[in-house]
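Residue numbers (our numbering), protein chains in the order written: chain F, 1 to 568; chain A, 1001 to 1311; chain W, 2001 to 2317. Just so it is clear, CB atoms sit at the ideal spot from N, CA and C, and this is done for glycine as well.
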């Protein structure tokens, strides 16, 4: 009970901070527990994956997080309210049909090198060049599809990749053009209501062509010296798999408002090690585990949290009739048998929420979140229970047993798990809950992440705990996963009704009607249950008292430390 | 002697060749695909990625190309990091070797001394004490040892004294090497000292020591000239592979103390299925291992005149 | 000088039988070794400790009111000696002697379940190491020449293949379980032993007694088994006692990468690995399995020393 009250209070506090329009205020300011690192003007933060620094090659959230600080896209997200604000583009306008966008590049933006010296000016050509490289098949960029929204871009990519029968398209025909140094005109293939969400993506950062060709494509951004920077910070040091040091860029257009001199990004592998480092004043911001959160809580030190927009669920491989899991009633029995609240309390020990619906959907049309709209349409009822509903679980289970012609102990269900302590704990709780409520002896199979992914994509598993983070702020990013042709639909779910709903939503322009279609999709998922939604994750982190305010951790921007103000 | 070394070098190249071949085909049998990410990739993009790293050709052709490149000293480009494997291995090996050498010096000197003293003073308090130290090294796994050192000597000591004696994590200064080298060396120290003690006991009961005693040599001379030199043999045998593995770093100590060493790549490259990186680490480690065993075998001849190398 | 009466001495006569009689009972090698082992108090205590740990692992879970996988959500991470307050479970009102883990599972029961796994793996892999290592190292060292060179190069190759690759490939072929772990560990575990035995044999084979045995027509197998191997015993035993902790930790490492004992079963290694995550908050979660591991190690090591003293022909008096 106490815990919930505390969580509620915390929500209130967070709402208040949002209303005064400051990115984030350190709740522990002035406590005197953890003063943080000793170098003045500098902070050190945890950053998990930082394997590549060439923006067009990036795939990890954390890599993009560093690029957010070293490069400027056309637009970016505000650390205050997560809305689109101007960055490299000073202003922009779109044509009446929404297909042509014209960006005015901010004049006087500079490229600097790893010594902080000015090398050249940022122009519209740099964007054109970067996007051409993103689409260049020789570079084999995983996220090329962010640039594939432009007119003829996909056709060019297919042609250049040598796809058989693809008509000839040259890069000049692709829909982005630098009219002059400061004007960039983009033509889209289709209307995209959230097009700006694409260009804010750090993969779409500009690249300075003369430098790129000078160092060579294969060497570009393999060290601080072989890249250029146009963002608020520039990189001075990079020890692979260990740390990256970025310094304030005095030539950045808004440098006057940046008070940090330096950010050090450190990679930790061991969770005890980073805890010790934090308490010993060697790092200022770290993510914490549930147990560590309890420990800080006991000391009276507040642990902050944010919602990354991730929804976690169990994939079910339903397209193989030989597998017991292909039985709908068995999946429903499992969903009702799982006690989501206890699962969170035992494994994560934080404010993560049991999923009431699959998609979190950051914002709804008339409600605060999309999920609330689903609940409203469902008479306030959740689609998936908080606690285990034994009566319903057993009812469905009895039906399943009858259909399968098996007894409870003959049911063969295996959790496929990718290695990692927390993953293993998480699956062991579900395993035990199924044993307790349904009497199923489920097995657990632990695999490396690469093998687990390969088997997931081949639908060669029963249950696999996975998650999905949104690419843009619209329920579509989550819901189109379960269409028959989506490459991320690893369940084998194929429903004509569902596919039709998504197609309808794609062309529907009335936002309320569109949301209603999405609500129907949610209901269909709950009915056919290709996945069993479990929880929405909240990420916990602690911040040393050195960082007073101005930092942000929000959906789509795991880190935004540009305007961090330090305590005196 | 020279003939022997040349012969061994030829064998070394052959061994390395077989090793690379074996590993090349074994890693291709590993389940999974290096390019499967969290999010789906279109078949065209996947084909482009495979083409970029030369994975689109038949495996045997890839093997021939890889071998050809190896001969030229080119280990390819890492799939995960998108930069030359040679560069990554060279950079991180310097760090690992730096740490490893410190740990080894500590382990070997302390281990031989502890073991020898324990044997000479067999059954006394000194014996028990030195074996107790050895026992800690054996019986506490390095992930516990590292974590405990870091917490008590790193964090708590700093809190108590208010000054930074042992940095908690990181790499760069001499101070940073102390705790990890100690944690890394303790395991080897235990092995060395226990082996040393038993072999020293063997030697001390042998006839030539009795002869030396009856000749009237001083205790010091007996120990130094006769006992130690012979007793160190089994330790030398075990040192070859130990040196290779300690120099190339360990995953656990590197993770705990956040050291940019080579050790982690042995694990992560396999988990990420970074083929070029797996190949690079294996070639490097294999070569180092072979060199170390060769050196050990040569040392054997120098230390023990009974062993004839030419055989 | 005191005068001694001649009459105090009597001639007993000559008996060929008595003269050749062996006053002490005749002992075989093993009997002699056993006799000396039993005399060694420390070794004896260690044997008792090993038996005690094995017995607890075998029987304690049978008599515990808790199941090793049963999770108590109302008292996760409980302190030692917490009484279970979850009504309706068989363990209600009983005490969690060693507390509970992150998922609220009884650590006392899990400790002894883990003991079963760890002890079986440790002992069986050590035995496999010993057998393979002695045979391989003995043959390689004794025959020498080209055979030796080839056999040693094979060792280098096996040693050079990353352990993880071998393990993951094995995992694809075999069912996860105890046997798989033992096989996976044995594939590479015997190599240091083989190297060590070979080194010793190379040094020993120039000794006179080997030449004598060969001169008397002993077969190579007999020379290796009866003359060379017993003389390497002292070093070998130390190596075996070192192999036991290695096996226990390898198991922990393997369970981390997925080839460990199938979840929710556990081993001492995996318990310690879970405990280390929380050792700042709940130190006993680490301490208890760590103490068990260390005790086992200590017992095996001391026992190894005792065995060494008993079996080593060089120390035979």
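When you compare each of the options to residue i by their alpha carbons, which one comes out closest?
i: residue 109 of chain F; options: F:255, F:448, F:324; result: F:255
i: residue 441 of chain F; options: F:457, F:417, F:423, F:409; result: F:409
i: residue 405 of chain F; options: F:374, F:329, F:301, F:434; result: F:329
i: residue 2248 of chain W; options: W:2272, W:2131, W:2263, W:2045; result: W:2272
i: residue 1265 of chain A; options: A:1143, A:1096, A:1148; result: A:1096
i: residue 520 of chain F; options: F:505, F:532, F:345, F:531; result: F:505
i: residue 475 of chain F; options: F:194, F:122, F:81; result: F:194
i: residue 2298 of chain W; options: W:2238, W:2152, W:2232; result: W:2238
i: residue 2134 of chain W; options: W:2089, W:2119, W:2192; result: W:2192
i: residue 315 of chain F; options: F:132, F:525, F:173, F:292; result: F:525
i: residue 2195 of chain W; options: W:2149, W:2217, W:2178, W:2088; result: W:2149
i: residue 99 of chain F; options: F:470, F:189, F:53, F:39; result: F:189
i: residue 74 of chain F; options: F:37, F:31, F:123; result: F:123
i: residue 376 of chain F; options: F:560, F:364, F:470; result: F:364
i: residue 160 of chain F; options: A:1048, A:1182, A:1042; result: A:1048
i: residue 1285 of chain A; options: A:1016, A:1216, A:1103; result: A:1016
i: residue 2156 of chain W; options: A:1301, A:1002, A:1012; result: A:1012
Name the chain F residues whose beta carbon is nearer than 8 Å to that of residue i?
i: residue 2198 of chain W; result: Per Cβ cutoff of 8 Å: no residues; residue 2198 of chain W is ~35 Å from chain F at best.
i: residue 1242 of chain A; result: Correct list: empty, because the minimum Cβ distance to chain F is about 24 Å.
Is residue i helix, strand or coil by DSSP?
i: residue 21 of chain F; result: Bear in mind that a pLDDT of 44 at residue 21 of chain F, under 50, signals an unreliable position, so the number given afterwards is only what the model happens to contain. If DSSP states are grouped into helix, strand and coil, residue 21 of chain F belongs with coil.
i: residue 1012 of chain A; result: helix
i: residue 252 of chain F; result: coil
i: residue 13 of chain F; result: Note that residue 13 of chain F scores 35 on pLDDT, short of 50, meaning its location in the model is unreliable; the coordinates nonetheless yield the value given after this. Helix, per DSSP.
i: residue 6 of chain F; result: Legend: pLDDT at residue 6 of chain F = 34, less than 50; position of this residue unreliable, no value from coordinates given.
i: residue 1294 of chain A; result: helix
i: residue 2006 of chain W; result: helix
i: residue 521 of chain F; result: helix
i: residue 1285 of chain A; result: helix
i: residue 2266 of chain W; result: coil
i: residue 1300 of chain A; result: helix
i: residue 529 of chain F; result: coil
i: residue 235 of chain F; result: strand
i: residue 1020 of chain A; result: helix
i: residue 549 of chain F; result: strand
i: residue 292 of chain F; result: helix
Mind listing the chain W neighbours of residue i? Cutoff is C-beta to C-beta under 8 Å, in chain order.
i: residue 443 of chain F; result: 2262
For a contact defined as C-beta to C-beta under 7 Å, what are the partners of residue i on chain W?
i: residue 271 of chain F; result: 2277
Under 9 Å Cβ-Cβ, which residues of chain F neighbour residue i?
i: residue 2071 of chain W; result: 342, 346, 428, 429, 432, 433, 436
i: residue 2281 of chain W; result: 291, 292, 294, 295, 298
Which chain A residues sit within Cβ distance under 7 Å of residue i?
i: residue 2156 of chain W; result: 1015, 1289, 1290, 1293
Quick one: list the residues of chain F neighbouring residue i, beta-carbon separation under 7 Å, in chain order.
i: residue 1344 of chain A; result: It is not possible to answer for residue 1344 of chain A, since the shown part of chain A is limited to 1001 through 1311.
i: residue 2104 of chain W; result: 346
Using the beta-carbon of each residue, which ones in chain A are nearer than 9 Å to residue i?
i: residue 2234 of chain W; result: 1198, 1199, 1201, 1202
i: residue 2249 of chain W; result: 1141, 1142, 1143
i: residue 2077 of chain W; result: Those do not exist, as residue 2077 of chain W stays about 18 Å from chain A at its closest Cβ, beyond 9 Å.
Quick one: which chain A residues come within Cβ less than 8 Å of residue i?
i: residue 57 of chain F; result: 1082
Between the stretch 1019 to 1030 of chain A and the stretch 1059 to 1073 of chain A, are three or more C-beta pairs nearer than 8 Å?
-> yes
Give, in chain order, every residue of the stretch 1208 to 1237 of chain A whose Cβ lies closer than 7 Å to some Cβ of chain F.
-> none
Just checking, does the stretch 1158 to 1177 of chain A make contact with the stretch 1269 to 1284 of chain A on the three C-beta pairs under 8 Å criterion?
-> Two segments are said to touch when three or more pairs of C-beta atoms, one from each, lie closer than 8 Å; by this definition the stretch 1158 to 1177 of chain A does not touch the stretch 1269 to 1284 of chain A.
Contact set between the stretch 2085 to 2098 of chain W and chain F, restricted to residues whose Cβ is under 7 Å from the partner = none
Cβ pair count under 8 Å reaching 3, the stretch 1072 to 1087 of chain A against the stretch 166 to 177 of chain F = no
Interface positions of the stretch 1141 to 1170 of chain A facing chain F (Cβ-Cβ less than 9 Å), listed along the chain = The stretch 1141 to 1170 of chain A vs chain F, Cβ under 9 Å: 1143, 1146, 1147, 1150, 1151, 1154, 1155, 1158, 1159, 1164, 1167, 1168, 1169, 1170.
Check distances from the C-beta atoms of the stretch 1025 to 1048 of chain A to those of chain W and list, in chain order, the residues that come in under 8 Å.
-> Cβ contacts with chain W: 1026, 1027, 1029, 1030, 1031.
Contact between the stretch 1133 to 1140 of chain A and the stretch 1216 to 1236 of chain A: three or more CB pairs below 8 Å?
-> no
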